[in-house]
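Chains as they are written, first to last, in the working numbering: chain A, 1239 to 1337; chain B, -14 to 164; chain C, 882 to 1517.
C-beta atoms are modelled at their ideal positions from N, C-alpha and C, and glycine is treated no differently.
Reviewing the structure listed below.
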Amino acid sequence: MPLSAYLIMSAILFSIGVVGVLIRRSPLVIFMSIELMLNAVNLSFVAFSKFLDTADGQMFVFLVLTVAAAEVVVGLAIIVSIFRTRRTIDVDEMNALRG
Amino acid sequence: MTSTLAIQISFLVLAIASTASALGVIIFKNAVYSALSLILTLLFLALFYLQLGAMFIAIVQILIYAGAIMVLFLFVVTMLAPDASESEVRDPLRWQRIIAGVLGAALVGTLSYLLFTGAAAQGNVTNAGANSLSYMVHTRGDIEAFGLALFHGFAFPFEVTSLLIVVAILGALVFGRRT
Amino acid sequence: MLNLSFWVLLLPLLGFLILGLVGRIMSRAVILAIAWGACGLAFLFATMSFFSMLGTTPPSAHTIDQVVYTWVNSGTLHIIFGQLLDPLSATMLMVITGVGLLIHIYSAGYMEHDPGFWRFFSFLNFFIFAMVLLVTADNFLFLLIGWALVGLASFLLIGFWYQRHAAVAAAQKALVINVIGDFGLLLAIFLIFSSFGSLNYYDVFSKLGAATAGSTTITAICLLLFVACAAKSAQLPLYMWLPDAMEGPTPVSALIHAATMVTAGVYLVARANPLFEQAPIALNTVAAIGGATALFAATIALFQLDIKRVLAYSTISQLGYMFMSEGVHNYSGGIFHLTTHAYFKALLFLGAGAVIHALSGEQDIRQMGGLRRRLPITFWTFLIAALAISGIPPLAGFWSKDEILSSLLAQATTTGNLWFYILWGAGLLTAGLTAFYMFRLLLGIFMGNYRGGDYVHEAPPVMTVPLIILAVLSVIGGFAGSFGLIGLARWQPLANFLAPLVATVHGPEVPLGLEWTSTALSIGLDVLGIFGAWVLYRRGFAYKENRNPLYQLVLHKYYVDEALSLLIVRPALAVGRAATRWLEGGVFDGGGRNLALLLRGTSTMLRRPQTGYVRNYALAILLGAVLIIVYYAVRG
């Protein structure tokens, strides 16, 4: 398959993830959408790695994976602590910074 | 020829499946269903990686992403009101959905346009010879090729990620305390 | 020749400063010692300089110009303060310090019970200093400074009893009108400097000649100078402040508004006579306004009911005489009348002050009468002064008035111009009116039935001695004038004294017969006036309500003040109120307020994107990213 096919696939998955971030109100689902976006990008990287015949893409994916793991850990910890104080996990309830 | 056709058919099937499960992530009201859809998407992506010849990455994707990260997700989801439906409370931002849909479509459309009309991906080998991946794979095997690339060029970032993981653990511990 | 003019200037200044700074805690005796000492020594030095000048033989050596202080010396601009001691300034100094000293002495009695005793004497000394500065300055700039300072002294002294609203209002009025005159003088100075390059009298006068005669610049200069004179000497149309200035204590009215300050205008015209000689239009204006004012003020004085108002209008009228004289080239005649007027007018005011003092502040002549026996010295000195001002020979007023009338007639016969005849007629008529209202006043105060209590007593010697001295001067003061009338044409000591300074001393001579006619006419009119007053007021003043509209018009001083209030004061106040409301409230305050509102409004608008919803912020980020991508897609 040509490179552009994989890239378009990545673009579709990325856009789905973006829309998910914007329309869902549960922070957990938002987080999952973010993970989806990261994975879409991973797909791009691997596609390029194949087509440029270099291992650098896969290396990057490896690192992205690690960082995603760390990020999920911290993010979920934050969500849990918010839940403990606020008893709600609706993102729209957190509008204390309104101007 | 048949291998090309097989590749095309498998690509198409995987494409449709992963798109459907990705849509499922954002559509399901129940967070657990969303998480399960995500796991499915990750599996399909791993199959994509296999198709692209990234063996190690595919396995790692399943092991780490689907196996560890998503499990963590599910822990938290089930802990925090998994059945709560968001449509109980009225959405204060009614326009958000519409605009988000429009923008998402615009994003996909524009990117596709760019990718179609942009410079054709040559599939060129920018580095020939000994550094070429296909060569390494051909001579040493997949895993060894991956390992050599990782520890020769990316040793430092690899070490730094261990530091990153330590910091993340500490952060999680701090946030997780009951004060 | 002895020149002590610097000390004459400095001593009153020192007196003012000392009394002003520490006078509050001094005893009466010390205050009087300093005040009398300063003025007395100033008079002494002025006299010494005067007699030394008389003794110096060539009359051209009578002038000394002494530099006191060089102020500005840059390029072509030299401003040097110098003092000029010449016959004119010496004569003025004698009058100022002499009459000033008498009034200082008188004030010790008049202001005896006033808590502001020290303030009064410090202001009096300040006035003497300012007036001396005015007459001894050798250039127009320091003349202006002295001019403004005497205006300030007048303001301070008119408003001396500052708790009275009427006094403060009168002081303000005087200052405002005087400033109009100051403005005229300032403009004249600008013109002089731009035309002649210097402000020193001799520098300017030496540049005048046949080439500059009749030029419009010089006419403009002279007219502007006369504006200043009209304001300071209360001529039409800037006379309104002088009657109101009677709110000040009577010694102030005597000194400033009779004898000295108001004569500064006459002095200025005499000093600048080379300029005026070159501008016939200006000179005719001076004479015309002088004549009109003399007659106008005399008519008002006929019906006034307040002692000091009658005397104030009388002063305005007599000042008109002086300007008439100067307007027909007889400058020494104007100065002569200035000196005689100083004697009898000061005497009249001080006598009125004695009456007011005796009656504990009463000034309305309807409440007076029959004081002849109770205030004898006051009565006799007042009578002498009234006779003098009416022009009865051989008292001082006769000689000076007659000289003015004869020079008017001389000008009329030489030029054949009808207007000068009219001026002469106006002068005669005014003389008659003067006699009438003066004796109306005298008889009203001193004759008739006595209406007061039993505590009316004659003034103390400290007040009556100056009265007597001034009465003596009123009798003999006329002998410094011209005796051409009785055939001794060479006897004109004052005119000869002033000769080096004035243009035409020996003006056009009138044939003796015509002059006798004029004199006889004036004496006749004076006697007629006195007789008329005698007939009407022989038994004292009996006020009858008179509804005649013409009478009411003159009684209310032709409603000039009311007209001014309507035409100028009220619009000005309205403009001020409008400015406060609209300009300050609307524009300045409003501008600030509206600016704040504008800022608040825009900030409210700009706060709308800060919704607090994270999803909105994410949408915004996406929007930006999509825009960039679309831009690149379109760009190709």
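Approximately 6 Å separates the beta-carbon atoms of Asp1330/A and Tyr1494/C; this is inside 8 Å, confirming the contact.
Note that the C-beta distance between Leu149/B and Ala1308/A is below 8 Å. When DSSP states are grouped into helix, strand and coil, Asn1165/C belongs to the helix group. Contact check between the stretch 1063 to 1077 of chain C and the stretch 1124 to 1131 of chain C: fewer than three CB pairs, one atom from each, fall below 8 Å, which does not count as touching.
In chain A, no part has a C-beta under 7 Å from the C-beta of Gly1482/C; the shortest such distance is about 15 Å. As a beta-bridge residue in DSSP terms, Val953/C pairs with Ile960/C. Within the DSSP secondary-structure output, Leu966/C pairs in a beta bridge with Ile945/C. Beta-bridge partners assigned by DSSP to Ala1018/C: Gln964/C. Beta-bridge pairing by DSSP links Asn1081/C to Asn1020/C. Nearest neighbour of Phe1204/C by Cα position, chosen from Glu1243/C, Pro1155/C, Ala1173/C and Gly1394/C, turns out to be Ala1173/C. Cβ atoms of Leu1231/C and Ser1355/C stay farther apart than 8 Å, at about 12 Å. Not a single C-beta of chain A is nearer than 8 Å to the C-beta of Tyr1512/C. Straight-line spacing of the CA atoms in Phe924/C and Met975/C works out to 7 Å.
Residue range Ile1188 to Gly1208 is occupied by the alpha helix (DSSP H) that includes Tyr1202/C.
Excluding the 5 residues flanking it on each side, Thr1180/C has same chain C-beta neighbours closer than 8 Å at Leu1314 and Val1435, in chain order. Residue range Ala16 to Gln36 is occupied by the alpha helix (DSSP H) that includes Gln36/B. For Thr95/B, the nearest CB of chain C lies under 8 Å from its own CB, placing it at the interface with that chain. Below the 8 Å Cβ cutoff, chain C contributes no neighbours of Arg1324/A, its closest Cβ being approximately 14 Å away. For a Cβ distance threshold of 7 Å, nothing in chain A lies close to Ser(-12)/B: the least Cβ distance comes to about 12 Å. Listed by position along chain A, the residues whose Cβ is nearer than 7 Å to that of Ala85/B are Val1257, Leu1260 and Ile1261. Per DSSP, reduced to three states, the secondary structure at Asp1245/C is strand. Residue contact check for Ala1499/C against chain A: a CB pair falls below 8 Å. Note on Tyr1082/C: 16 or more other CB atoms within 10 angstroms of its CB, so buried under the neighbour-count rule. Inside the stretch 1406 to 1482 of chain C, DSSP marks whole alpha helix (DSSP H) runs of 4 or more residues at positions 1430 to 1436, 1441 to 1445 and 1451 to 1459, from first to last along the chain. A distance of 8 Å or more separates the beta carbons of Cys1103/C and Leu1149/C. For Trp1042/C, there is no enclosing alpha helix (DSSP H), as DSSP marks it with neither H nor E.
Assignment of Pro1392/C by DSSP, reduced to helix, strand and coil, places it in the coil class. For Tyr98/B, the nearest beta carbon of chain C is closer than 8 Å to its own beta carbon. Not a single CB atom of chain C sits nearer than 8 Å to the CB of Leu65/B.
With respect to Val61/B, Leu1266/A sits close: the two C-beta atoms are nearer than 8 Å. If the five residues before and after Ile1170/C are omitted, its C-beta is found closer than 6 Å to the C-beta atoms of Gln1116 and Leu1117, all from its own chain and listed in chain order. Shown here, Arg162/B sits in coil according to DSSP, grouped into three states, outside any helix or strand. The shortest CA-to-CA distance from Ala1091/C to any of Ala1101/C, Ser1075/C, Ala1506/C and Ala1160/C is the one to Ala1160/C.
The closest CA to that of Arg1336/A, considering only Leu1504/C, Ile1509/C and Arg1496/C, is found on Arg1496/C.
Residues of the same chain with their beta carbon placed closer than 8 Å to that of Phe101/B are lacking, with the five preceding and five following residues left out of the count.
In the DSSP annotation of this structure, the continuous segment of the alpha helix (DSSP H) that includes His1222/C starts and ends at Tyr1212 to Ala1239.
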